[in-house]
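Undergrad:
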C-alpha cells in the first residue's frame, strides 16, 4: 500500500473518532473519491510577494493542485485542489477586540492544517476565534468540493460539498452539503443539508432550509464519488479554462486594460468583452466573461461573473456565480450564491440589495429585485420573491419572531442589517474600493503582483503523490 | 539601491580580497553584466525524484533560471541560469580512497555555494577533494558563461567564460576564458586563456595553449558584457529552443521512442529525425537534432548533437558540441569541445578516439580521424592533425618529455592513456551503458523521472530578484 493511502486511512480514522457521538462515518465519502494516481498528476503553488507575510511549512502531505499564500503549515494532510489563503492574516502586535476584551497578538497568525482531507475547499484567514488568535487550526477534518472555511477554525468535523463555515468555531460537527453557518461557535451538532443559519448570540438568529427536491437538483452529495447537480455541472464545464492560466510557468500581461487603482490577478480567467473600472479587485481563480465590473467592485476567488454588469462597489464573495444579470451599486452577493439568468429571462438587482450566501436565483422568467432587499433561498419566478425576500428597511424594524416562507428570523432585525452592512463596508475598504489616489489603500492598490511557485510530489516510488518537507520563510 | 545590487557588490569585494595577490579585479566582469531586472524575469527549478538524495537550502540569494538536484546549499550568492547538480553525490558511509588512505564519510556530500556569482555555470558533484569529502564548497568565486565546475571545490577564484575546472581544488586563482584544468590542486595561480592543462603529480603533465587569434575567434571574454565569439553565437542561436521545454509546468511525453534501458529527460530539446538506442542517457539541457545515438551513448547537460551519428558507447561531456559528424564506437568528446563539420566538409572519428576537453574541430575540408587517436587544440584541415593529434598507442610508449606543435607532454604516457580510459569506462558504467536487462544498472535505468519544481524571486520591492529562504528535505 502506498504511503498516501495509509495517510488517507489515518485521516478517516481520526475524523471518525471525533464524530463517534453522532456516529458519522466519513470513510465512504473519502475512500475512492480521488484515484491515487490523481494526486501525482497535479502540482501545487505558493504565492510570493512583498505585500504578504510569508511562512510555508509542508510535511508528510499531499498538496495536489493546491494554492497557498501567507503563513500556512500543513502536516499529515491531503489537500486536493484546495486554496489556502493567508493574505489577511492578523499580525503580531495587532489587538483582537472581542466583547470589550482586548487580546494583543504575541505572534503572526498562521493557518495550520493537520490530519485533514480537504477537496477543492477554500480556506480563508483571519480566524475569528478569540481563544486562539494566532493559530487558525483545521484538524481531523474532511471537507469536500467547493466548501468554504472562512475565518472558521474546524476540528473533528465533516463539511459536505458547497458547505460554508463562516467566522464560526466548529468542533465535532457534520455540516451538510450546501449548508451555511455563521454562528460564532458550534459543537457536536449535525447541520442539515441546505441549511442557512446566521446567529449572533443575544442579537438575532436567521434560519432557512432548502426543500430537499431543490437541493438535490443543485447539490447532490454522493458517497464515494463526486457530488452531482447544477452547481457541479456549472463549475466542471469551466474547469479547462483554468488549466490554461495555471499551466504556463511564466507571467503574461493581462488581456484587458487595468485602470489606476485596480488589480487583476493573472491567474483569473478573463474572456470575451470584459471591462474593469478603477479600484476593482479581481482575485486569482475568479472567472470573468463578457463582464463589466464598475468602480470598486471586487470579484473573489472561485466566483464567476458572466454576461453581467456590476455597477460599482459590488462584492461577489467566494464561490458566488452571476450569469446574465445587472447589479446596481453596492449589491452584495454572498458565498456560493448562484444567480443564473439568461437573455430571455434577465435578472436585475437594485442598489444596496443583499443576496444571502447560498442563495439560488435560477430564472424561468425575467426578475427585477428592487433596491434595498434581502434575498435568500430559491427564486425562479417573480412570485418567489414574496417568500424569499424582504426589504432591509422592514427587517430593521423587526424585534422578536418573524417567519416568511421557510425562513425564520428571531431577534433584533436592525442589528442583523447593521452587522451585514458593516461587513460589506469592511470588505470594500479592505479591498481598496474607496481608494482616492492617496488614501484608503486596500488590496487592489497594494499590488497583486504575486509570483506563483510550483511544487510537485514525488513522481514515483513509495512516496508517490506525497510532497517532500518544505519550509519557506522571508 | 536594491538588496541584490548590494549583494553583488559584496561578492565582488570578497572575491577581490582573495585575488589581491595577483591583484585581479573581478568588478568590471560582473558589474553591469546582467541588468537587475533580469534577475526577476526567470524562475529557478529544483528536481525531485525517489532516486536522488534531497536537501535544498537557499538563503539570501538570487537563483534566476538555475536548476538544482540533490543536496545543494546556496547562501548570499547570485546564480544566474546556472545548473547545480548533485545526482552523484557521495553518501554517508561511502569510503573515499585516496593514495592508499581510506576516508569513510560521516555525512552525505552536499554542494555548498557561498558568496558566489555564477553565470550559466554548470556545477557537478562528487568533489574529488579528499580533505573535505562531505562538502563540495564554492565560495568567494565569480564564474562566467558556460564554465564548468566539475567535482572541483573553488575558493576565492575567477573563472572566465567556457573555462572548466575538473577534479581540482582551486584556491585564489584566475582561470582564463576557455581554459581547462585538471591538476588535483591549484593555488594562487593565473591560468592563461585557452590553456588545456592536465596533470597528475608524479605521473604526467599535458599542456596546450590555443593561439590568441584562434581563441578570440571562438571565445572572446569582455569585461562588463557578454562574451563573444563562435561558441557564444552557437549557444545563443539555440536558446529559444530551451525556453519552450522549460516554460510548461507540466510533463509531456517524449517526442521519440525511448527503448528499454534508455532514458530521455523531458527537459532535453529533441528535434528533427532523432533516434536513440538502448541504454542511451540524454540529460536535461541536452540538445539533439537529427541525431542518432547508438547503444549506451550518453549526452550530458549543455551538449549539442546535431546531424550526427554516434555509433554507441559514446560520451559527449558537458558542453560538448557535435555538428555533422559520424563518431565510431566509444569515441569520447570532452567538456566544451566544439566539433563543427558540414555536408561539404564532414567529420569522421574512428573507434576509441579521445577528443580532449576544449578541443575545436571546425572544418574547412572533410576530415577523417582514424581510430584510437588523441585529438586536442584547433583542427580545421587534415594537415592540422599532424600537430594536434597522436595515436593513443604511441602516447602509451612515451616516457619523459614529448612535444608536438604547441602541445607539451611530460611523464608516463601509458598512465595518461590509462587514466583517461578508466574515466570513460566509469562514466559509461555510471550512466548505465552496460545494462544487460538485469545487471549493470546505471542512471539511465534508475529513472530520470524527476519532477521539476519552480521557485521565483520576490516580484517587486526591495527584495526584487532575491529568493526567500527555502528549505526542502525528504
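Residue numbers (the numbering used here), protein chains in the order written: chain F, 1 to 474; chain W, 1001 to 1474. For glycine and all other residues, C-beta sits at the position ideal for the given N, C-alpha and C. In this text, all values refer to a predicted model and were calculated from it rather than measured experimentally.
Residue 1241 of chain W: buried (16+ other C-beta within 10 angstroms of its C-beta) or exposed?
TA: Exposed, since its Cβ has fewer than 16 Cβ neighbours within 10 Å.
Undergrad: Is there a Cβ of chain F sitting closer than 7 Å to that of residue 1451 of chain W, yes or no?
TA: Interface residue, yes.
Undergrad: Would you mind listing the alpha helix (DSSP H) stretches within the region 211 to 263 of chain F that are 4+ residues and don't spill past its ends, in chain order?
TA: DSSP runs (the alpha helix (DSSP H)) wholly in the region 211 to 263 of chain F: 212 to 218, 230 to 237 and 239 to 247.
Undergrad: DSSP three-state call for residue 109 of chain F: helix, strand or coil?
TA: In the structure shown, residue 109 of chain F sits in coil (DSSP, three-state: anything other than H, G, I, E or B).
Undergrad: Should the region 297 to 317 of chain F be called in touch with the region 272 to 282 of chain F, which here means at least 3 C-beta pairs below 8 Å?
TA: Contact between the region 297 to 317 of chain F and the region 272 to 282 of chain F is present, because at least three Cβ pairs lie under 8 Å.
Undergrad: For a contact meaning CB atoms closer than 7 Å, what does residue 1468 of chain W contact in chain F?
TA: The answer, in chain order, is 48, 54, 472, 473 and 474.
Undergrad: Can you grab the Cα-Cα spacing for the pair residue 1195 of chain W / residue 1375 of chain W, in whole Å?
TA: Using only the alpha carbons, I get a separation of about 15 Å.
Undergrad: Which two residues bound the contiguous alpha helix (DSSP H) that contains residue 1388 of chain W?
TA: Counting along the chain, the alpha helix (DSSP H) containing residue 1388 of chain W begins and ends at 1385 to 1388.
Undergrad: Per the DSSP calculation, residue 1400 of chain W is bridged to which residue(s)?
TA: Residue 1400 of chain W is bridged to W/1411.
Undergrad: Do the region 306 to 325 of chain F and the region 340 to 352 of chain F touch if we need at least three Cβ pairs shorter than 8 Å?
TA: Enough Cβ pairs lie closer than 8 Å, so yes.
Undergrad: What is the DSSP secondary structure of residue 162 of chain F, reduced to helix, strand or coil?
TA: Coil.
Undergrad: Just tell me which of F/294, F/337, F/304 and F/362 has its CA closest to the CA of residue 330 of chain F.
TA: Closest by alpha carbon: F/294.
Undergrad: Residues of chain F with CB under 9 Å from residue 1459 of chain W, in chain order?
TA: Within chain F, the residues near residue 1459 of chain W are 48, 49, 50, 251, 447, 449, 450 and 451.
Undergrad: Pairing CB atoms from the region 1214 to 1221 of chain W with CB atoms from the region 1158 to 1169 of chain W, are three or more of them under 8 Å?
TA: With the cut-off at 8 Å, the region 1214 to 1221 of chain W and the region 1158 to 1169 of chain W touch.
Undergrad: Is the beta carbon of residue 1057 of chain W less than 7 Å from the beta carbon of residue 1115 of chain W?
TA: No, they are not a contact pair.
Undergrad: Tell me, to the nearest whole angstrom, how far the beta carbon of residue 1131 of chain W is from that of residue 1112 of chain W; I am working on the premise that it is less than 8 Å.
TA: With a Cβ gap of about 14 Å, residue 1131 of chain W and residue 1112 of chain W do not count as contacting.
Undergrad: Could you pull the start and end residues of the beta strand (DSSP E) that residue 1184 of chain W belongs to?
TA: From DSSP, the beta strand (DSSP E) with residue 1184 of chain W extends over 1184 to 1187.
Undergrad: Measure the alpha-carbon distance for residue 7 of chain F versus residue 455 of chain F and round it to whole angstroms.
TA: Those two C-alpha atoms are separated by around 20 Å.
Undergrad: When we look at the beta-carbon of residue 22 of chain F and count the other beta-carbons within 10 Å, is it buried (16 or more) or exposed?
TA: Classification for residue 22 of chain F: exposed.
Undergrad: From this set, F/432, F/393 and F/426, which residue's C-alpha is nearest residue 415 of chain F's C-alpha?
TA: Considering only alpha carbons, the answer is F/393.
Undergrad: Out of curiosity, what's the CA-to-CA distance linking residue 1397 of chain W and residue 1239 of chain W?
TA: Those two C-alpha atoms are separated by around 44 Å.
Undergrad: What separation, rounded to the nearest whole angstrom, lies between the Cα atoms of residue 1106 of chain W and residue 1027 of chain W?
TA: Cα to Cα, the separation comes out at about 38 Å.
Undergrad: Answer with buried or exposed for residue 1288 of chain W, where buried requires no fewer than 16 other C-beta atoms within 10 angstroms of its C-beta.
TA: Buried, since its Cβ has 16 or more Cβ neighbours within 10 Å.
Undergrad: Applying the criterion that 16 or more other CB atoms from any shown protein chain within 10 Å of the CB defines a buried residue, is residue 1453 of chain W buried or exposed?
TA: With 16 or more other Cβ atoms within 10 Å, it is buried.
Undergrad: Taking contact to mean at least 3 C-beta pairs separated by less than 8 Å, is the region 1351 to 1369 of chain W in contact with the region 1180 to 1200 of chain W?
TA: Yes: at least three Cβ pairs fall under 8 Å.
Undergrad: Under DSSP, the alpha helix (DSSP H) around residue 10 of chain F begins and ends at which residues?
TA: Per DSSP, residue 10 of chain F belongs to the alpha helix (DSSP H) from 3 to 18.
Undergrad: Below 8 Å on the Cβ atoms is my contact criterion, and I expect residue 1335 of chain W with residue 1148 of chain W to pass it. Report the Cβ-Cβ distance as a whole number of Å.
TA: About 5 Å separates the two Cβ atoms, so the contact holds.
Undergrad: Hey, is the region 1400 to 1411 of chain W in contact with the region 1190 to 1206 of chain W, meaning 3+ C-beta pairs nearer than 8 Å?
TA: The region 1400 to 1411 of chain W vs the region 1190 to 1206 of chain W: in contact.
Undergrad: Compute the beta-carbon to beta-carbon distance between residue 125 of chain F and residue 86 of chain F, rounded to the nearest angstrom, for a pair I have assumed lies under 8 Å.
TA: At roughly 4 Å, the Cβ-Cβ gap stays under 8 Å, so residue 125 of chain F and residue 86 of chain F are in contact.
Undergrad: Since residue 407 of chain F meets chain W, which of its residues come closer than 7 Å, beta carbon to beta carbon?
TA: Correct list: empty, because the minimum Cβ distance to chain W is about 47 Å.
Undergrad: Of all the options F/261, F/466, F/272 and F/306, which has the alpha carbon lying nearest to the alpha carbon of residue 435 of chain F?
TA: If we check each option's Cα against that of residue 435 of chain F, F/261 comes out closest.
Undergrad: Chain W partners of residue 463 of chain F, CB-CB under 9 Å?
TA: Per Cβ cutoff of 9 Å: 1050 and 1474.
Undergrad: Determine the burial state of residue 474 of chain F: buried for a count of at least 16 other Cβ atoms within 10 Å of its Cβ, exposed for fewer.
TA: So residue 474 of chain F counts as exposed.
Undergrad: For the structure I just gave you, are there three or more beta carbon pairs, one from the region 1039 to 1051 of chain W and one from the region 1461 to 1470 of chain W, closer than 8 Å?
TA: Flag = yes, the region 1039 to 1051 of chain W and the region 1461 to 1470 of chain W touch.
Undergrad: For residue 1124 of chain W, write down the residues that DSSP places opposite it in a beta bridge.
TA: DSSP lists W/1085 and W/1150 as partners of residue 1124 of chain W.
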